[in-house]
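In this note's numbering, each number is its position in the sequence shown, counted from 1, plus 2. We put the CB at the ideal spot given by N, CA and C, even for glycine. The block underneath contains the structure these notes are about, expressed in structure tokens.
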Amino acid sequence: MSELYKFIFDGMPVRGMLVRLSTDWQEVLRRRLKASGWPQPVRHLLGEMAAAATLMQSSVQFNGALIFQIFGDGPLKLAAVEVQADLAFRVTAKVIGEVSDSSEFSAMVDVSGQGRCAVILDAFDRHANEAPYQGVVPLRNNGQEPLAQLSDALSHYMRQSEQLDSVFVLAANDDLAVGLLIQRMPVEGEANVRGRQLHLGSDDDFKRITYSLATLQKEEMLSLDAKTILRRLFWDEPLRYFEPQYPRFQCRCSREKVNQMLFSLGVDEVQSILKEQGHLDIGCEFCGLAYTLDAAELNTLLMTPPQRGTSF
């Protein structure tokens with residue numbers, strides 16, 4: 003079972019959370035394998051993104067969808083994770099070009115400095131004429147040096163876009179996606195703050211706590227349970243835990259949404275496909291599930307407009 007633990011350091015303006023996506027992450031890859039799958043470095047990057055996006059959604063407790071995207075200028079053109087308010091998540095990627103088993107982060111997404119990282123908050127109660135919130139930062143430090151890994155990009159994003167000191171540690175393989183977030187509480191007056199105004203980069207407690215993260219190896223993250231990781235890192239710190247949360251994989255695709263999409267194409271387009279193929283196969287880009295409609299179903303659909311709903 004996938005799980006997320008929140009904790010605070012008693013008497014200090016520092017909070018953290020650790021997420022382990024296990025069976026749910028395995029289910030994502032199992033479904034994608036049927037739909038051709040992704041190269042290993044892409045799979046592992048998507049696992050890290052899924053863990054990071056789950057941490058961010060749980061951190062902000064946003065009533066809507068948090069969408070974490072990387073727009074790459076290498077062979078990985080797009081990597082995206084969507085996490086709902088109840089921590090249901092799904093992922094997708096678009097790869098054009100070769101990704102070898104040894105491909106590193108910047109070689110996949112930031113070959114010529116045009117890669118971007120974006121976080122979108124799409125509220126459930128957003129008005130039709132209201133745009134979602136979006137923060138975008140380049141995948142380079144100060145616009146010059148390529149960022150070596152996803153955790154660097156996220157810390158860069160949080161500092162530049164959200165003005166929060168945050169440190170991410172991420173790891174993923176084909177069995178687990180694990181993420182640890184340590185974050186300085188941003189405002190005076192929180193129950194865990196010592197009654198002083200906080201300033202970015204100036205808090206000794208935050209610095210001391212995050213220094214210990216440098217000792218954590220990815221192999222440890224992928225082999226130890228959550229409580230063991232936290233005990234090994236913060237054995238001499240006053241941790242207080244909250245009730246765990248349980249992220250899960252869930253795709254929002256459905257036959258009804260496929261029907262809505264097809265109807266929006268128009269009669270001529272669908273009839274052209276029918277004439278050429280006799281049927282229509284549509285695969286969900288998020289979960290790989292295939293939807294097949296024969297000529298009779300398509301003709302019925304064209305005569306009966308589906309009810310409007312949410313996006314595919």
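Out of the options, which has the shortest C-alpha to C-alpha gap to residue i?
i, options, result
"ALA82", "GLY76, ALA173 and ARG92", "ARG92"
"VAL139", "THR212, LEU282, PHE70 and ILE98", "PHE70"
"VAL85", "GLY290, LEU264 and PRO249", "PRO249"
"ASP26", "GLN42, THR56, ILE211 and LEU235", "THR56"
"ARG128", "MET19, LYS229 and ALA67", "ALA67"
"LYS209", "PRO15, LYS8 and PHE9", "PRO15"
"GLU239", "PHE9, VAL97, GLY39 and LEU23", "PHE9"
"SER114", "GLU147, LEU183 and ASP88", "GLU147"
"LEU89", "SER60, MET110, ALA54 and SER24", "SER60"
Within the continuous alpha helix (DSSP H) that includes residue i, where are the two ends?
i, result
"ALA317", "Because the chain here runs from 3 to 314, residue 317 falls outside it and cannot be looked at."
"PHE107", "107–111"
"PHE208", "206–213"
"GLU221", "220–223"
Put residue i into one of helix, strand or coil per three-state DSSP.
i, result
"VAL101", "coil"
"ALA228", "helix"
"ARG92", "strand"
"LEU149", "coil"
"ALA82", "strand"
Where does the unbroken beta strand (DSSP E) through residue i begin, and where does it stop?
i, result
"SER168", "168–174"
"PRO140", "135–140"
"ASP124", "118–125"
"TYR243", "241–243"
"MET19", "16–23"
"ALA179", "179–186"
"GLN71", "66–73"
Are there 16 or more other CB atoms within 10 angstroms of the CB of residue i, so buried, or fewer, so exposed?
i, result
"GLY290", "buried"
"ARG198", "Note that ARG198 scores a pLDDT of 41, beneath 50, so its modelled location is shaky and nothing firm can be said."
"THR312", "Because THR312 carries a pLDDT of 44, less than 50, the predicted location of this residue cannot be relied on, and the following value inherits that uncertainty. That one is exposed."
"ALA174", "buried"
"SER234", "Residue identity check: residue 234 is Arg in the sequence provided, not Ser. Exposed: under 16 other Cβ atoms inside 10 Å."
"THR217", "exposed"
"LEU202", "Confidence is the limiting factor: at LEU202 the pLDDT is only 43, short of 50, which leaves the residue's position unreliable and the question unanswerable from this model."
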